[in-house]
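Just so you know, the sequence shown maps onto residues -20 to -1, 1 to 155 in mature numbering (1 follows the signal peptide of the UniProt record, and there is no 0).
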Amino acid sequence: MKKLFHGILIYLFCLSKVFAQNGAFSKTDKLLNIGIGVNSFYDNGIPFGASFEKGINDNISVGGNFDYLATDFGASGVNSKFTAIYLAARGSYHFNNLLKVNNKHIDLYAGPSLGYRIFSWKDDFGGSLGNKYGSGLFIGIHIGGKYYFNDKIGVFLELGDVGSTNARLGLAIKF
């Protein structure tokens, strides 16, 4: 996973140096990411999530993040279900100005998140792990890149602790 992470960072950095137009992020932007996790911190299930951020200056945006994962471990007629929900406030620093990325299609960013995670476990035997499984506060961090096909629609990839996954990709929308 570290090799993939480093490879993507190098690729995005090199790609950013190739183009010269206008930066892809400004303080008036409202950003929505909707995506799926390409893996999970847990045994099964496909996490999906969304984040929304609003620019507060030409380099920083703030907003929130939601992540959801549910998986059914049922076997041999026994129902067992695990659910993880992450709700967080998050912020991002957009590196285009710092790295002199002047491409209107590329947005490179990273930042922290602080939130609350809710775990639940239910089975046919009345079992419930509730808070015993780790519900509570969490701190996350993300690094990402977006490529916009036009002024409003693009794709994104985020790596780090972004909920129940450490890699998410999907649709990026700018308002």
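In this text, a Cβ means the ideal position worked out from N, Cα and C, and glycines have one as well.
query                                                                                                                                                                      : result
For Asn37, which of Gly71, Asp52 and Leu117 has the nearest alpha-carbon?                                                                                                  : Gly71
Quick test of your reading: residue 179 and Leu94, contact by CB under 8 angstroms. State the CB separation rounded to the nearest angstrom.                               : Not covered by the structure: residue 179. The range shown for the chain is -20 to 155.
To the nearest angstrom, how far is the alpha carbon of residue 163 from that of Asp103?                                                                                   : Residue 163 lies beyond the stretch modelled for the chain, which goes from -20 to 155, so this question has no answer here.
Less than 8 angstroms between the beta carbons of Gly44 and Ala64, yes or no?                                                                                              : no
Please list, in chain order, all residues of the same chain as Lys7 whose beta carbon is under 6 angstroms from its beta carbon, the five residues on each side excluded.  : Gly35, Asn37 and Asp38
Helix, strand or coil: how does DSSP classify Asp47 here?                                                                                                                  : strand
Ordered along the chain, which non-local residues of its own chain (more than five positions away) have a Cβ less than 6 angstroms from that of Lys10?                     : Lys34 and Phe155
So Phe28 and Ile16 are in contact, right, with Cβ under 8 angstroms, and what is the actual spacing, rounded?                                                              : 5 angstroms
Taking DSSP as the reference, what is the three-state secondary structure of Ser20?                                                                                        : coil
Taking only the alpha-carbon atoms, compute the straight-line gap between His74 and Leu137 and give it to the nearest angstrom.                                            : 14 angstroms
Am I right that Gly143 and Asp47 are in contact with their C-beta atoms under 8 angstroms? What's the rounded C-beta distance?                                             : 3 angstroms
For Leu12, I'd like the list of residues in its chain whose CB is within less than 6 angstroms of its CB, leaving aside the five on either flank, ordered along the chain. : Phe32 and Ile153
Determine the contact status of Leu139 and His122, defining contact as a CB-CB distance below 8 angstroms.                                                                 : yes
Note down the Cα distance separating Gly25 from Pro92, rounded to an integer number of angstroms.                                                                          : 25 angstroms
With distance defined between alpha-carbon atoms, name the residue in Ile86, Asp52, Gly114 and Leu78 nearest to Ile98.                                                     : Gly114
Give the secondary structure of Leu12 by DSSP, where H, G and I count as helix, E and B as strand, and everything else as coil.                                            : strand
State the DSSP-derived secondary structure class of Gly125, mapped to helix, strand or coil.                                                                               : strand
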